[in-house]
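One structure below.
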Amino acid sequence: MPASSPVRINLGHLRHMKAEGRKFAMLTAYDYPTATAAQAAGVHSLLIGDSMGTVILGHPSTRPVPLTLMITLGEAVRRGAPNVYLVGDMPYEAMVSDETAISAARRFRDEAGCDAVKFEAAAEHDRLVAKLAQAGLETIVHLGLRPQSVSSADGYRAQARDEASIKTVVSDACRMVAAGAHMLLLEAVPNEASQAVVAAVDVPVIGCGAGPACDGHVVVTQDLLGIGATPTPRFVPVFAQLGRAMEDAMRCWVQSSGDGSYPAPEHLYHVRKQPAARPTASS
Ligand code: KIV
71 MPASSPVRIN LGHLRHMKAE GRKFAMLTAY DYPTATAAQA AGVHSLLIGD
121 SMGTVILGHP STRPVPLTLM ITLGEAVRRG APNVYLVGDM PYEAMVSDET
171 AISAARRFRD EAGCDAVKFE AAAEHDRLVA KLAQAGLETI VHLGLRPQSV
221 SSADGYRAQA RDEASIKTVV SDACRMVAAG AHMLLLEAVP NEASQAVVAA
271 VDVPVIGCGA GPACDGHVVV TQDLLGIGAT PTPRFVPVFA QLGRAMEDAM
321 RCWVQSSGDG SYPAPEHLYH VRKQPAARPT ASS
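Quick note on my numbering: the sequence shown kicks off at 71 and runs consecutively.
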C-alpha cells in the first residue's frame, strides 16, 4: 500500500525515482475531493488536465476549456493535495502565442500553486520551452497523440507506429529537452517509441498509453474509476465502476423519495421543547 508523501514532491523526487527505476503514478484531477483521495492513496503527481473539456464539461473536444476555469479548479486541487507534484495543462486558448502561454504558465504557478505546466507541442515549440525555462517555469512537453490537434472522434489514434515516425518523436523529444524541457509526456505510442525516447533523453518520461518503458504513467481518473460517458481508451485499467455505483445510489434516491421511505425518523429535525413556565407570585 503506497503511503501518501509527508513532504511536497518536487522534480528532484521524480528524477530520483527515475534514477532508482521506481515508477511514479500520476492521475488527472479537477476537484478537491478527488485530489484529497489521490494524495491519500499515494499518487505522486496530479494533472489539471484539459481533458476536463470532455470528461467534465461534456464537450466533444478539449479545445473549449477556459483557462480561468482551469485555474479555479486547480486551486481546489492544490487545497486537496498540498504534497503532490501538481501540473497545469495549457488549454488551447493559452497556446495562441508565446506571450499568452507564458502568462498562463505564471497563473498556473502563482494562483493554482502548480509545480509545472504541460503543453501539447508542435515541432517549433522548442522556442517556447526555452522562454518558459528562462522565466523559471518547469515544463512537461506532450508528444505523440495530441488531443488539441484532433478534430473528430476517430482522430484519437495511436502515433509513432513505424520507424520513420519513431525517429521524428525521438528528434522532437531531444530538441525539447535541449531547449530546457524538464519532463516529457508521450501519449498513445508503442513501447518501442517510448524505449527510444527514454534512451535518448535524461529527463523523466511520463507515459499515457505509452508502454512500460516510461518512468511514470498517467491516465484520466474518470476512466480509471469507470465514471462518465466518454469511451475508455484500451490502455486504461478500469479499477472501479463508480459510474454504475452513482447511478444505483441515485435510483435508490428516486425510489425512496417517491415511496415515502425517505425521510425516515433519523433524518428529521425536531422542535426544541420549551421548559415549562414557572408559576410567578402574581399568578
Ligand atoms: O488532459 C489530459 O488529461 C492529458 C492526459 C491524459 C495526458 O493531457
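C-beta: ideal position from N, C-alpha, C; glycine also.
Relative to the C-alpha of residue i, which candidate in the options has its C-alpha closest?
i: P307; options: V288, G250, R177; result: V288
i: C244; options: S75, A191, A315; result: A191
i: V125; options: A110, E145, A99; result: A99
i: A164; options: A186, D185, V135; result: V135
i: A249; options: T106, I210, T300; result: I210
i: P217; options: A205, L255, Q204; result: L255
i: G158; options: T170, D185, T132; result: D185
i: V268; options: I236, A299, M320; result: I236
i: A205; options: G214, R177, P274; result: R177
i: I141; options: V113, S173, D168; result: S173
i: A228; options: D242, A200, E262; result: E262
i: A182; options: T132, D242, S121, L116; result: L116
i: S75; options: H129, R85, A111, P349; result: A111
i: M160; options: M316, L198, V341, A193; result: L198
i: L156; options: H83, I118, L127; result: I118
i: S219; options: Y162, S331, A203; result: Y162
i: P301; options: P103, S121, A95; result: S121
i: T104; options: R321, V154, R342; result: V154
i: T132; options: A73, S221, D196, M96; result: S221
Just to check, is the beta-carbon of residue i closer than 7 Å to a non-hydrogen atom of the ligand KIV?
i: G119; result: yes
i: L255; result: yes
i: H129; result: no
i: D159; result: yes
i: T98; result: yes
i: H340; result: no
i: V113; result: no
i: C278; result: yes
i: H212; result: yes
i: T138; result: no
i: T132; result: yes
i: V268; result: no
i: V290; result: yes
DSSP three-state call for residue i: helix, strand or coil?
i: S115; result: strand
i: V288; result: strand
i: C184; result: coil
i: I297; result: coil
i: I141; result: helix
i: V306; result: coil
i: E194; result: helix
i: T98; result: strand
i: G82; result: helix
i: G277; result: strand
Whole-angstrom Cβ separation of residue i and residue j, contact assumed at under 8 Å?
i: D101; j: V147; result: 7 Å
i: I297; j: G279; result: I297 to G279, Cβ: 19 Å. No contact.
i: H276; j: M246; result: The question names His, but residue 276 in the sequence shown is Ile. Actually they are not in contact, since the Cβ atoms of I276 and M246 sit about 13 Å apart, beyond 8 Å.
i: P152; j: R78; result: 7 Å
i: K88; j: D318; result: The pair is not a contact, with the Cβ atoms about 41 Å apart (cut-off 8 Å).
i: G225; j: E257; result: No, G225 and E257 are not in contact; Cβ-Cβ is about 13 Å, not under 8 Å.
i: V290; j: A270; result: Actually they do not touch by this definition, with Cβ atoms about 27 Å apart.
i: L81; j: E208; result: 6 Å
i: P260; j: A230; result: 7 Å
i: V187; j: A175; result: 4 Å
i: A283; j: S264; result: 4 Å
i: L28; j: H114; result: Within the shown structure, residues of the chain are numbered from 71 to 353, placing residue 28 beyond reach of any answer.
Quick check: is any heavy atom of the ligand NAD less than 7 Å from the C-beta of residue i?
i: V199; result: Looking at this structure, you won't find the ligand NAD anywhere; what it does contain is the ligand KIV.
Quiz item: Of all the beta strand (DSSP E) runs that stay within the bounds of the segment 197 to 273, which reach a length of 3 or more residues?
Solution: Under the rule that a run must span 3 or more residues, the beta strand (DSSP E) segments found entirely inside the segment 197 to 273 read 208 to 214, 253 to 257.
Quiz prompt | beta strand (DSSP E) runs wholly inside the segment 135 to 179, at least 3 long, in chain order | solution = As for any beta strand (DSSP E) of minimum length 3 sitting wholly inside the segment 135 to 179, the runs are 155 to 159, ordered along the chain.
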